[in-house]
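Asks:
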Amino acid sequence: MSVYPFPPRRYRLAFGVLFLLFLLWLVGLAEARQPDARPSPAPDLLPAAELPADAALDLSVLRAAYPGAVLGMARGASGMLELVMADGARLAYDDGKPRTPAEAEERPDVRTMLAQVYPLGPVDEASARPAPHFSPGRHRVQAFFLSLYGKSEAEARKNCRSVRFDGHGALMQGRYGAADALERVWKRLEPQMAAHPEWAKTLRPFGGAFCWRSIAATDRLSAHSFGVAVDLNSHLPYWLGMRNPEKVPAQVLAFPREIVAAFEAEGFIWGGKWAEFDLMHFEYRPELILKAKALRGEITLPR
Ligand SMILES: [Zn+2]
């Protein structure tokens, strides 16, 4: 007679079943602890048909530019429109506040951020002299970029990757396409380099890409903080402290058109078109390029 309470074979079977149940329990526990990657859509999202036309257009350009990042618009507690982000952030779309140019720069709502239409295409005599404070793309809602790209230097850097650009590794944002777009800009420019030796003084020395830093003389984060901007030759004119700003329109007009066209074709805006000019600076802002095209009737965006 065996000394075991039941034969060893049945013992092994029972142990196996128990072990399997234990594993299933562990898997269930792990799943229960997993935080929801995507918060459920806000229940109060407004149908596009209920939005004012300008808000509906802004929503459609943001959705097309940053797929999946923007859920829609809703009314906030005060009744004002808010942009609802996929990560749960709710940003004032139109807070109804009148703004001075300085306030539009420092504390824009989303509507203000997108209000100035970027002058897409070759610069002419008129667009080389923008009206005071006409700097489309410079009014940035910081919370929007933090929501898209990362809430800290470490988080924004984690999403960056190195892109080959004129012999450099430019650290650019991997989320929502900036890195891929810069790669394509260089693919457009590289075959033309041999025919344009004069481009060297525009492109070099390369100023850099990702850099977590504030805009000069402000406490607002630069677009470089999110890896969505590149600086070409860092000696190119910058509006702050410029000694002879009256000479800048000629430099804007003389700037290689093919370089500007290559960047714009891939979703970048150029700081050379700003009243607060920044000729070295190109910034990935596909929403502004799309809005300019939509208003010209060149594209139709899904609502
Ligand atoms: Zn820059």
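In this text, residue positions in the sequence shown follow the numbering used here: the first is 3, and each later residue adds one. Each residue gets a CB set at the ideal place from its N, CA and C atoms; glycine is no exception.
1. Which residue marks the beginning of the beta strand (DSSP E) containing M87, and which one marks its end?
2. Starting from S216, follow its DSSP beta bridges and name the residues at the other end.
3. Any heavy atom of ligand 1 closer than 7 Å to the Cβ of D97?
4. Helix, strand or coil: how does DSSP classify S149 here?
5. Exposed or buried, G152, counting other C-beta atoms within 10 Å across all chains shown (16 or more means buried)?
6. For E268, which residues in the same chain have their Cβ closer than 7 Å to its Cβ, ignoring the five residues on either side in sequence?
7. Keeping to the same chain, check which residues put their C-beta closer than 7 Å to that of L173; ignore five residues upstream and five downstream.
8. Is it right to say W27 is buried, meaning 16 or more other beta carbons lie within 10 angstroms of its own, or is it exposed?
9. The alpha helix (DSSP H) that contains R109, what's its start and end?
10. Here's the rule I'm using: 16 or more other beta-carbon atoms within 10 Å means buried, otherwise exposed. How should R245 be labelled?
11. What ranges does the beta strand (DSSP E) occupy inside the segment 128-213, keeping only unbroken runs of at least 3 residues that lie completely in it?
12. For the beta strand (DSSP E) that E285 lies in, which residues bound it at each end?
Replies: Answer, in terms of the structure:
1. L83 to M87
2. According to DSSP, S216 bridges with L223.
3. no
4. helix
5. buried
6. A183, R186 and V187
7. Counting only Cβ-Cβ distances below 7 Å, and skipping sequence neighbours, we find C162, S164, A211, F212 and G229.
8. exposed
9. Taken as a continuous stretch (DSSP letters only), R109 belongs to no alpha helix (DSSP H), as it is neither H nor E.
10. exposed
11. 162-167, 170-175 and 208-210
12. Under the DSSP assignment, E285 falls in the beta strand (DSSP E) whose first and last residues are H283 to Y286.
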